[in-house]
Structures are given as C-alpha cells and as structure tokens.
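Here the numbering used here is used: the first residue of the sequence shown is 12, the next is one more, and so on. Using N, Cα and C, we set each Cβ at its ideal position, and we do this for glycine too. Predicted model, so just to flag it, every value in this text is computed and none were measured. Take a look at the structure set out below.
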Amino acid sequence: MQRSVTTTVAGLVLVLCAVPATVAVLLTEEPYWSAALWLYIAGMAGAGVAVGWWPQLRRPAAAAGMVFAAQVAGYGTVAIRDLFNAQGAWLFGLAPYEMASRVTFAGVVALVGTVAACVAVALLWREPQRGWEAWRPRRARLLVIGVVFMIASITPGLLAGNPGEMLTGAGEGLLSIGLPCGGGLAAAAWLGSRARRAATVAVIISTVAAAASVAARLIAGMLT
12 MQRSVTTTVA GLVLVLCAVP ATVAVLLTEE PYWSAALWLY IAGMAGAGVA
62 VGWWPQLRRP AAAAGMVFAA QVAGYGTVAI RDLFNAQGAW LFGLAPYEMA
112 SRVTFAGVVA LVGTVAACVA VALLWREPQR GWEAWRPRRA RLLVIGVVFM
162 IASITPGLLA GNPGEMLTGA GEGLLSIGLP CGGGLAAAAW LGSRARRAAT
212 VAVIISTVAA AASVAARLIA GMLT
C-alpha cells in the first residue's frame, strides 16, 4: 500500500500534537503530572509515525493512537481542574501570572490530545459495506467490558464520603482512565481484527501504566 497524502498528513499531525504536549509538561512542575503521561505522549507520537510511514498499519496504529491521545486529553483536563482546586485550597500559593501560565500549559495538553484523538478516529472511519447494519458491534463483549470499565473508573470517587470529593474523584477517574480505556474497548467492538487487537493492547498497556503510577505515588506518600 502506497503512502497517500491524507494518511501522511494525518500521521504528521499526530506527531506534531505530541510536541507541544511534551513542551507543556516539561515547562510545568505540577506534582499531579503522572509518569504514565510520558508513555501516552510517546504512544501518540509513535502511532503518528506508524500511520505516516507504514500505511499498511494505518488502522491498527490509529486505534492505538486513539487510546493514547484520549488519555493525554483526559490528563490535561484533569490537570486544569486540579490547578484550580489546589489554588483554592492555597496548596501552591501561585501568583496570578503563574496560575495563568500553568492553566495554559494544561490546556495545551488537553487540546492537542483532543485533536490527535479526533484525527485517529477519522483515520479509523470508513463507509460501512453493510450499511446501517454496521451499527451492530462485531464483538459485543468488548462493548460491555468497555462500559463496565467506565463504571469501575468512577466507583472509587463515588465511594468518597464528602459529596464534593465524590464528584471530583469520579470525574478524575472517568477522564484520566475510564473514557480513554473503556471508550477504546467499546470502540474496538466495531473494528476489524488488527485494529481491534491494537486498541486492546493499548488499553492494557495504559491501564498497567496508570496502575503503576498510582501505586508509586501511594508508596512515596507512605515513605514520606
């Protein structure tokens, strides 16, 4: 399969989206940036390289890129909320200009992740040969697992005693892991075998990385 202009440009967009995300994370010192975020940014860039350079891998790479990009967008969105929460509690004591710059950087991460996710979804789309029957998922169990995953991601937050913490915790879980991974599994229910496997592997890698990052923070908190 030859590289088309559209595929090459789409791959380049995914790579370019990873650049400002990297710069934004490097220029901020937020304690809530997860180490797993670097994996998601690298996965987004790697998917772009695969899409642009190896067109035969376009759909599997786009499926994986969709998951990683959605997580980048989720982490950026959660970071904006965390900044305002921390500033309201006066945990950082940032000057107004410092607060504005950090919110801007977090917004950049959320924006480029969203753009990359949209590009990846566009690469996966093709006119269904079965017409409207294509709305029926090929692997319904993946759809069910994805929905269960999303529900599980908000459960710890909903179990918090304080009503305010319930909403905050549920939103963080949904944006940072539930929608990217659960949504990725749900979307994979309609994909072909190669793209479906790629999306599933990306979800597994992302989930393990997120769990390891949370465990590392908990251990560090216990040791300090």
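Rounded to whole angstroms, the gap between the alpha carbons of R152 and S112 is 44 Å. For the pair P66 and R205, the CB atoms are not nearer than the 9 Å cut-off. Under the three-state reduction of DSSP output, L27 falls in the helix class. The segment 55-116 is shown to contain whole alpha helix (DSSP H) runs of 4 or more residues at 69-99, in chain order. Nearest neighbour of L185 by Cα position, chosen from L169, A199 and A200, turns out to be L169. Separation of W136 and A226 (C-alpha to C-alpha, rounded to the nearest whole angstrom) is 37 Å. A straight line joining the alpha-carbon of I188 with that of G194 spans about 9 Å. Here V60 has G22 and V26 as same chain residues with Cβ atoms under 7 Å from its own Cβ, once five neighbours each way along the sequence are excluded. The beta carbons of A46 and S224 sit about 5 Å from each other, so the pair counts as a contact at 8 Å. About 16 Å separates the beta carbon of A53 from that of A209, a gap too long to meet the 8 Å contact definition. Bounds of any alpha helix (DSSP H) do not take in P148, whose DSSP letter is neither H nor E. When the Cα atoms are used, I216 and V16 turn out to be separated by approximately 30 Å. Around the CB of W64, fewer than 16 other CB atoms lie within 10 Å, so the residue is classed as exposed. A residue is called buried once 16 or more other Cβ atoms fall within 10 Å of its Cβ, and T115, having fewer, is exposed. Of A220, P148 and T166, the smallest CA-CA separation from W49 is found for A220. Check the Cα spacing between M55 and each of Y86, A181, G76 and A121: the tightest is with G76. Residues L154 and G157 of the same chain have their beta carbon placed closer than 6 Å to that of A197, with the five preceding and five following residues left out of the count.
Measuring C-alpha to C-alpha distances from V119 to each of A222, R92, G87 and G180 identifies G87 as the nearest. Per DSSP, the continuous alpha helix (DSSP H) segment holding A198 begins and ends at G194 to A199. One alpha carbon belongs to L229, the other to G180, and they sit about 16 Å apart.
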